[in-house]
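Just so you know, numbering that gives the first Met the number 0 puts 3 at position 4 of the sequence shown, and the rest follows in order with no gaps. Cβ atoms here follow ideal geometry from the backbone N, Cα and C, with glycine treated the same way. Here is the structure we will look at.
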Amino acid sequence: MKPDVEFAVWASERQQRVAQRLAIALAPQAPGAEPLVDAMRYATEGGKRVRALLAYAAGELSGATVDDIDEAAAAVELIHAYSLVHDDLPCMDDDAMRRGRPSCHVAFGEATALLAGDALQALAFAVLAGTRHDAARACAMLAEASGVAGMAGGQAIDLAATGGTLPIDALEAMHRLKTGALIRAAVGLGALAGDAGDDVRRPLDRYADAVGLAFQVVDDVLDVEGSPAALGKTPGKDAAQGKPTYVTVMGIDAARRHAGMLRGHAHQALAPFGARARRLAEIADWITQRGH
């Protein structure tokens, strides 16, 4: 692995690495389960691997090697994939397109997609249990980020708010759970792989909080402005379903400014680390300037 290269090269190397780790984890595990594993594998293919890259960048800042971080990077991608499979189901956000192709339930049927999401979640903890750095703490961190105090709780709030409105503070609280919790876990797991102390973990958590919110703000803007080809999913779904978003609450221009402010907060949190935080700073820029 080459540490001092352009961001695109650094990211591509780690995207390929986590893809290889996922392929190993998703080898057929039981006779007759091949259709289920095919659906699981389908759900993990493609995507930007933002959460894996955050784990690698935070881990490398903290002194971990890429070998130390592989399990954490794969685990957060498995949780993310499971969440997308379930989010797309008709009983949730009901989206027929994901990453530029049919959603998992469209390709494999609702029952198989539901099971694939369940199995991806379980597999994430099996993979993370193999980490060489405090596996119990790592699993607890990922569980909290995935459950009622994290992603699932945020999704429940989102569903309950559909058709209504939320003030900006309630909207941010929801997205700190729905989107931000797994992003904070990715950064935290990377730091854990490097045995980082509080002096490192606290500013990294502030960084992750800002990046997680910024990611959602940009998503909300792109849902209004993006095309199906660019986004790889159906644009305009939030508005059609009456979901409160940063755009509906703030307006699109204010939402763009808010994303820029959050990017600034992320960079400020990284200031104590100097050049060591180069990759995390680049990820913050990439997240806020992306077009899909």
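Give the DSSP-derived three-state secondary structure of residue i in the structure shown.
{"i": "residue 150", "result": "helix"}
{"i": "residue 165", "result": "coil"}
{"i": "residue 90", "result": "coil"}
{"i": "residue 311", "result": "Given that the chain is displayed from residue 0 to residue 291, the structure contains no residue 311 and the question cannot be resolved."}
{"i": "residue 47", "result": "coil"}
{"i": "residue 5", "result": "coil"}
{"i": "residue 111", "result": "helix"}
{"i": "residue 264", "result": "helix"}
{"i": "residue 40", "result": "helix"}
{"i": "residue 61", "result": "coil"}
{"i": "residue 183", "result": "helix"}
Based on DSSP bridge pairs, tell me the residues matched to residue i.
{"i": "residue 101", "result": "96"}
What does the Cβ neighbour count give for residue i, buried or exposed, with the cut at 16 atoms within 10 Å?
{"i": "residue 244", "result": "buried"}
{"i": "residue 261", "result": "buried"}
{"i": "residue 50", "result": "buried"}
{"i": "residue 44", "result": "exposed"}
{"i": "residue 218", "result": "buried"}
{"i": "residue 197", "result": "exposed"}
What residue from the options has the CA that sits closest to residue i's CA?
{"i": "residue 123", "options": "155, 75 and 90", "result": "75"}
{"i": "residue 58", "options": "183, 270, 153 and 219", "result": "183"}
{"i": "residue 99", "options": "253, 225, 242 and 69", "result": "225"}
{"i": "residue 60", "options": "197, 276, 30 and 283", "result": "276"}
{"i": "residue 53", "options": "157, 238, 175 and 282", "result": "282"}
{"i": "residue 250", "options": "3, 222, 198 and 227", "result": "222"}
{"i": "residue 47", "options": "176, 18, 254 and 248", "result": "18"}
{"i": "residue 84", "options": "62, 55 and 116", "result": "116"}
Within the present structure, is the beta-carbon of residue i separated from the nearest heavy atom of the ligand MG by less than 6 Å?
{"i": "residue 167", "result": "With respect to the ligand MG, the structure shown offers nothing to examine, as it has no ligands at all."}
Original post:
Are the stretch 185-193 and the stretch 157-174 in contact at 8 Å, needing three or more beta carbon pairs?
Top reply: Counting Cβ pairs under 8 Å, fewer than three are found: no touch.
Original post:
Pairing CB atoms from the stretch 29-41 with CB atoms from the stretch 112-123, are three or more of them under 8 Å?
Top reply: yes
Original post:
Counting Cβ pairs closer than 8 Å, one from the stretch 77-95 and one from the stretch 230-238, do we hit at least three?
Top reply: Under the Cβ criterion (8 Å, minimum of three pairs), the stretch 77-95 counts as touching the stretch 230-238.
**OP:** Take every Cβ of the stretch 56-73, pair it with every Cβ of the stretch 193-208, and state whether three or more of those distances are shorter than 8 Å.
**Re:** Pairwise C-beta distances place the stretch 56-73 in contact with the stretch 193-208, as three or more of them are shorter than 8 Å.
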